Each structure stands twice: as C-alpha cells, then as structure tokens.
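Asker: Going left to right, the sequence shown walks through residues 0 to 255 as numbering that gives the first Met the number 0 numbers them.
Here a beta-carbon is modelled for each residue, glycine too, at the ideal position from N, C-alpha and C.
All of these numbers come straight from a predicted model, not from anything done at the bench.
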Amino acid sequence: MFQHAIVRIPGSNFADGLTGADLGMPDFATALRQHVQYCEALTTCGLEVVTLAADLAYPDSTFVEDTAVLTPQAAILTRPGAPTRAGEVAAIRDEIARFFPTVFEIQSPGTLDGGDICEAGTHFFLGLSQRSNEEGLRQLAGYLDRLGCNSSIIDVRDMISILHLKSGIAYLGDNALVLIEEFAGHPQFKNYRRIVVSEEESYAANCVRVNDRVLIPSGNPKLLAQLNANGFHPLPLDMSEFRKMDGGLSCLSLRF
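1) Straight-line CA distance for residue 111 to residue 214?
2) Is residue 108 helix, strand or coil when you go by DSSP?
3) For residue 149, which residues does DSSP report across the bridge?
4) Could you give the residue range of the beta strand (DSSP E) that holds residue 34?
5) Using 8 Å as the Cβ pair cut-off and three pairs as the minimum, do the region 53-73 and the region 248-255 touch?
6) If we call anything under 8 Å between Cβ atoms a contact, is residue 219 one with residue 200?
7) How would you write the range of the beta strand (DSSP E) that residue 94 sits in, first residue to last?
8) For residue 101, does the three-state DSSP call read helix, strand or coil?
9) Within the same chain, show all residues whose beta-carbon is closer than 6 Å to that of residue 233, passing over the 5 residues directly before and after it, in chain order.
10) Let me know the beta strand (DSSP E) ranges lying completely inside the region 46-90, each 3 residues or longer, listed in chain order.
11) Along the chain, where does the alpha helix (DSSP H) containing residue 224 start, and where does it finish?
12) Which ranges would you report for the beta strand (DSSP E) in the region 175-211 if only whole runs of at least 3 residues count?
13) Using only alpha-carbon positions, find the residue among 191, 93, 117 and 25 that is nearest to residue 163.
14) Out of 14, 28 and 72, state which residue places its alpha-carbon closest to the alpha-carbon of residue 255.
15) For residue 143, which residues in the same chain have their Cβ closer than 6 Å to its Cβ, ignoring the five residues on either side in sequence?
16) Which residues does DSSP list as the beta-bridge partners of residue 213?
17) Within a Cβ cutoff of 7 Å, which residues of the same chain sit near residue 47, ignoring the five residues on either side of it in sequence?
18) Put residue 245 into one of helix, strand or coil per three-state DSSP.
19) Residue 17 to residue 245, Cα distance in whole Å?
20) Buried or exposed: where does residue 159 fall if 16 or more other Cβ atoms within 10 Å of its Cβ makes it buried?
21) Measure the Cβ-Cβ separation of residue 171 and residue 152 and say whether it is below 8 Å.
22) Could you give the DSSP three-state label for residue 137: helix, strand or coil?
23) Report the three-state DSSP secondary structure of residue 144 (helix, strand or coil).
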C-alpha cells in the first residue's frame, strides 16, 4: 500500500520540454488543471501528496518519476539520458532523502530514466532504451540485488511506438500486467495474467495501481471494461496535455 507521493507542478515553460509526439502545443492552463485533478486522485486513493514548486530551469521536471527508482528499503537516484534533464535529480534529492535513509545513485557513464523501470513485486523489468543504457541498468541491477530483488532486461531501443518501457507496460499487482500489443507474446511475461491494450488505446497502457484504484487515461473504454472485468477499480483522468509532451500517468509522481 502506498502512503506518499511526490509531485512537481508544471512550469510555465512546460511546452519547451522534450517530446516526440505530434499532437500540437500543450495548453498550460489546461495542464495545470489536469495536474490538480491528478493530485486530487492520489489523495482520494489515500496518499499524502508532497507538492514541489515548479522548476523553470527544467521544463520536463513535472515528470518526477524519471528521477528515482523507489523500493521499500531504499531509493536509487537516476541519471536521466537526456542532457537537458540532468539537473532534475539534484533538484529533488533532498526531498527523497527525507523519506529514504538509504539512497544509492547511478553514476556516469550510466544513464537511467525511472520511466524505464517497472516494479512487479520483488522482480523489476528494466527497459534498455534510448534514455537508459546498459551501464545504467547494470548499476541498478546491482543495487536491486543488494536489496533482495531480482531483475531482467527488456530491449525497447528499436520500438518506435514507445519512449520508455513503462509507456507499454504496467504492473497492477495480483500477477496482472497491462501490455501493449507488441508485448503480448513476450516470453518474459508468459507467467503473468496479461491484459492487452488494443492498438488505438495503447497510450493507456501507462496506467497506475494506487492502492485500491487503477488510474487510467480517460477516453479508453476498452481498457476500462477490461479492468472492470478483471476485478480492478479504474479511475479515469484526463491526460491530454501531458500526452502531448510524451508524458503518462506514472510519470507525474513518485509513489511509496
């Protein structure tokens, strides 16, 4: 059960962040409203939300998930693969250290984005991507092993449909994975209960189990029905402006 979440308010230069999406310019006022609704949803799910001020030095910094990998025993600070995001870790380090006495950190030449790491109980799927390199994953796997967890690597570097591993996969507990179609037959997922998202709703594969609810992007009726049929309790949220910046539901918070 999660008890806390760390979020950061989008800055007025949010639209200057990195994106490969071709969905138009995000509307800042709408993004702020959606962020408030997101935080309210986390509170509804029983979390204490720690809200950090906007950081105009880093337009992408509202996507706090990329700065750390959190486990019950320790936090691992990342080293984002995009040079323009490198300072985001230093900007959030003290806040993470307030909650985690043990903090590890990925070192150069390793790169790692938190969005490439999917925790499934004591097993972690590590995405080898354009942002997270082999050295970064090697260091993370070493830290996880010290913490009693195991891990495996999934190479997504040639997949043009997703930026990070978690753009295409979500672990919901109860041995259930939400997967995009490209992952449906992947051998690493064969022993899981698989909920496969249709191609037209693939963005919704980035959903988040938060205690008794599953946050999903609104406008995805097929996944909504699948989750209900599998005994989950979805909570749809409008994510239109964050989607324009390659962001998903998991990206907007660090949950622990």
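Answerer: Reading it off the structure:
1) 25 Å
2) coil
3) 122
4) That residue, residue 34, is in no beta strand (DSSP E); its alpha helix (DSSP H) goes 27-43.
5) yes
6) yes
7) Counting along the chain, residue 94 falls outside any beta strand (DSSP E), though it belongs to the alpha helix (DSSP H) covering 87-98.
8) coil
9) 213, 215, 223 and 226
10) 47-51, 67-69 and 74-76
11) 220-228
12) 175-179, 192-196 and 207-209
13) 117
14) 72
15) 123 and 150
16) 208 and 233
17) 2 and 3
18) coil
19) 8 Å
20) exposed
21) no
22) helix
23) helix
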